[in-house]
Amino acid sequence: MINYVWIGLVVLAIGYGAWLDVSKVPTTTTPAPLVIGDLQDKSIEYSFGEGRRQEIPVGVTVPKPAKDTPSKLAIKVRGDNSGHRLQGVFTTEAGDVFYGDASGTLGAGDAWVDASIDLATLTPAPENPTAKSSYPMTLTAIAVIRKANSEPTSGTFQVDDVNLIFPEKSKVGDSVKAPNWMGVLTHSATSWAEKAIELAISLIGVIMFWLGLMRVAEQAGLVQLLARMLRPIMKFLFPDIPPDGEAMGAIVMNVAANMLGLGNAATPLGLKAMAELQAINEHKEYASNAQCMLLAINTSSVTIITPSIIGYRAAAGSVELMKFWPIMLAATLCSTFFAVLACKILERLPIFKIPLPPQMRETDTTAEAKS
């Protein structure tokens with residue numbers, strides 16, 4: 011039965027992932043550039059003299075985006091064949107200065123070209139290296155940086171519009187992009203399968219290590235030691251079960267295995283414990299209080315070591331694998347406490363009491379009639 015459950019979960023997960031991809035229309039859009047400064051074919055003169063850099067004031071405000079975050083700032087330029095580089099000088103509202111190198115050089119040609127500046131890679135000024143860029147900001151100047159061993163040291167170039175360029179938007183991820191839904195579905199299945207394999211491979215080493223360590227602990231008698239420590243608590247939780255019977259032994263071993271994260275060992279022990287409890291259950295058609303308590307404890311499951319979570323964190327590149335442990339322990343203790351409390355309260359309510367067998371009910375009815 012458990013195999014069918016696992017197969018169902020796998021099919022459900024793959025179907026859900028594929029639906030997420032296919033339900034999005036496989037189209038891409040490129041938002042139009044936003045003109046934020048019209049310099050109207052402005053002619054800029056520069057002269058380095060003895061220096062290698064000159065800043066020409068501009069004063070164009072880069073606004074805070076309403077929806078889409080821009081990726082580049084494009085300045086239309088017409089070069090003078092000098093080969094010099096351009097750089098944008100930005101200032102935030104806080105007064106922090108940032109620099110962004112423009113693509114290309116001041117080459118020759120009568121056509122306008124975009125000298126693009128990547129806004130994601132702006133570099134803070136050396137006097138404040140930890141500054142963070144933010145919108146709105148101002149393109150305060152365009153700096154001309156002299157080409158090494160270049161002549162002449164002065165010249166003129168032209169600039170025009172200053173545009174914000176937005177990245178292409180796709181309604182599906184690049185890994186599943188296709189011209190139609192069938193292609194998206196095919197790519198989606200391949201993509202999800204690849205992710206599953208990568209995750210499984212990345213978890214194998216860590217989980218094998220912890221499961222092997224716990225197996226050594228089991229063979230060394232740690233589970234049995236923990237079981238002996240738990241026996242007094244189990245007597246309180248299961249007062250109707252013989253303390254030295256096979257049912258109590260299986261219950262104690264099941265809880266101890268769960269606490270050490272030995273899921274493969276805990277499952278057969280739990281099934282054996284439930285079978286033993288059913289064997290001593292006087293009302294076979296109803297779950298006994300002990301069976302309900304065992305189910306609640308296994309569902310909430312106090313866990314001390316969790317190889318799976320440690321493996322997930324290791325696969326994600328965490329450098330503090332056990333940082334989650336105090337929170338996890340507090341959560342599992344609380345869940346188990348309230349599970350036990352709920353069982354203890356509900357088993358005392360009349361609505362949950364196990365009804366008497368038919369022959370005993372007839373005997374009680376006859377006795378009441380005679381009285």
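All residue numbers for the sequence shown refer to my numbering, where the first residue is 11 and numbers rise by one. Cβ coordinates follow ideal geometry from the N, Cα and C atoms, glycine included. No experiment lies behind these values; they were computed from the predicted model shown.
task = Measure the alpha-carbon distance for Glu330 versus Ala324 and round it to whole angstroms.
result = Taking the sequence shown and counting its residues from 1, the one referred to as residue 330 is at position 320. Taking the sequence shown and counting its residues from 1, the one referred to as residue 324 is at position 314. Rounded to the nearest angstrom, the gap between the Cα atoms of Glu330 and Ala324 is 9 angstroms.
query = Within this structure, are the beta carbons of Asp106 and Pro134 separated by less than 8 angstroms?
reply = Position 96 of the sequence shown holds residue 106. Position 124 of the sequence shown holds residue 134. The Cβ atoms of Asp106 and Pro134 sit closer than 8 angstroms to each other.
request  = Please determine, among Ala121, Glu292, Leu44, Met258, the residue with the shortest C-alpha to C-alpha distance to Phe167.
outcome  = Within the sequence shown, the letter at position 157 stands for residue 167. Selected option, being the one with the closest Cα: Ala121.
request  = Quick one: using the 10 Å Cβ neighbour count with 16 as the cut-off for buried, is Gln64 buried or exposed?
outcome  = Locating residue 64 in the sequence shown gives position 54, counting from the first residue. Residue burial annotation: Gln64 is buried, with at least 16 other C-beta atoms found within 10 angstroms of its C-beta.
query = Using the beta-carbon count (16 or more within 10 Å), is Pro80 buried or exposed?
reply = By one-based count along the sequence shown, residue 80 stands at place 70. Result: buried.
Phe362, DSSP secondary structure in three states = As a first step, residue 362 must be located in the sequence shown, where it is residue number 352. Here DSSP, grouped into helix, strand and coil, assigns Phe362 to helix.
Three-way DSSP call (helix, strand, coil) for Leu247 in this model = In the sequence shown, residue 247 corresponds to position 237, counting from 1. When DSSP states are grouped into helix, strand and coil, Leu247 belongs to the helix group.
message = Nearest by alpha-carbon distance to Phe108: which of Ile46, Lys179, Pro136 is it?
response = Counting from 1 along the sequence shown, the entry for residue 108 is found at position 98. The shortest CA-to-CA distance from Phe108 to any of Ile46, Lys179, Pro136 is the one to Pro136.
ask   = What are the residues that DSSP puts in a beta bridge with Gln64?
value = Your numbering for residue 64 matches position 54 in the sequence shown. Looking at the DSSP assignment, Gln64 forms a beta bridge with Val154.
Pairwise C-alpha distance: Met263 and Gly231 = For the purposes of this step, residue 231 is taken as residue 221 along the sequence shown, with counting starting at 1. For the purposes of this step, residue 263 is taken as residue 253 along the sequence shown, with counting starting at 1. Roughly 11 angstroms between the two C-alpha positions.
query = In the structure shown, what three-state DSSP assignment does Ile290 receive?
reply = Here residue 290 is taken as the residue at index 280 of the sequence shown, counted from 1. In the structure shown, the three-state DSSP call for Ile290 is coil.
For Leu331, three-class secondary structure by DSSP = One-based indexing of the sequence shown puts residue 331 at position 321. If DSSP states are grouped into helix, strand and coil, Leu331 belongs with coil.
ask   = Across which residues does DSSP place Ile127 in a beta bridge pair?
value = Translated into positions along the sequence shown, residue 127 becomes position 117. Partner(s): Leu83, Ala112.
ask   = What are the start and end residues of the beta strand (DSSP E) that includes Ile46?
value = For this step, residue 46 is matched to residue 36 along the sequence shown. Looking at the DSSP string, the run of the beta strand (DSSP E) that includes Ile46 is 44 to 57.
ask   = How far does the alpha helix (DSSP H) with Leu304 in it reach, from first residue to last?
value = Your numbering for residue 304 matches position 294 in the sequence shown. 299 to 310 is the span of the alpha helix (DSSP H), which, as asked, contains Leu304.
task = Label Gly18 either buried or exposed according to how many other C-beta atoms from any shown protein chain fall within 10 Å of its C-beta, with 16 as the threshold for buried.
result = Reading the sequence shown from its first residue, position 8 is the one you call residue 18. Its Cβ having fewer than 16 others within 10 Å, Gly18 is exposed.
Local conformation of Phe347 per DSSP, three classes = Here the question's residue 347 lines up with position 337 in the sequence shown. Helix.
ask   = Is the Cβ-Cβ distance between Leu287 and Gln301 less than 8 angstroms?
value = If you number the sequence shown from 1, residue 287 lands on position 277. If you number the sequence shown from 1, residue 301 lands on position 291. Cβ atoms of Leu287 and Gln301: closer than 8 angstroms.
key: Straight-line Cα distance separating Ala341 from Met303   = On the sequence shown, position 293 is the one that residue 303 refers to. On the sequence shown, position 331 is the one that residue 341 refers to. Taking the straight line from one Cα to the other gives about 19 angstroms.
query = Which residues in the same chain have their Cβ closer than 6 angstroms to the Cβ of Leu22, if we skip the five residues on either side of it in sequence?
reply = Counting from one through the sequence shown, the residue named residue 22 turns up at place 12. Answer for Leu22: no residue qualifies.
Contact set for Lys77: own chain, Cβ-Cβ below 8 angstroms, skip 5 residues either direction = Taking the first residue of the sequence shown as 1, we reach residue 77 at position 67. Its chain contains no residue whose beta carbon lies nearer than 8 angstroms to that of Lys77 once the 5 sequence neighbours on both sides are disregarded.
task = Tell me Thr102's beta-bridge partners as DSSP assigns them.
result = Here residue 102 refers to the residue found at position 92 of the sequence shown. According to DSSP, Thr102 bridges with Met147.
key: Residue range of the beta strand (DSSP E) that includes Gly165   = For the purposes of this step, residue 165 is identified with residue 155 of the sequence shown, where counting begins at 1. Note, Gly165: beta strand (DSSP E), 164 to 175.
request  = Just mark Lys142 as buried or exposed, buried being the case when its beta carbon has 16 or more other beta carbons within 10 Å.
outcome  = For the purposes of this step, residue 142 is taken as the residue at position 132 of the sequence shown. Result: exposed.
ask   = Does DSSP put Lys282 in a helix, a strand or coil?
value = Residue 282 sits at position 272 when you count from the first residue of the sequence shown. Note: Lys282 maps to helix in three-state DSSP.
key: chain D contact for Ala352 (CB, 8 angstroms cutoff)   = Considering every chain present, this structure includes no chain D. It has just one protein chain.
key: Straight-line Cα distance separating Asn159 from Ser126   = By one-based count along the sequence shown, residue 126 stands at place 116. By one-based count along the sequence shown, residue 159 stands at place 149. C-alpha separation (whole angstroms): 25 angstroms.
inquiry  = Let's test the definition: count the other Cβ atoms within 10 Å of the Cβ of Ser144 and tell me whether it reaches 16, buried, or not, exposed.
reply    = Counting from one through the sequence shown, the residue named residue 144 turns up at place 134. Burial is judged here by how many other beta carbons sit within 10 angstroms of a residue's own beta carbon; Ser144 has fewer than 16 and is exposed.
request  = Between the Cα of Arg95 and those of Gly114, Ala84, Glu103, Leu83, spot the shortest distance and give me the residue it belongs to.
outcome  = Start at 1 with the first residue of the sequence shown, and residue 95 comes out as number 85. Answer by Cα proximity: Gly114.
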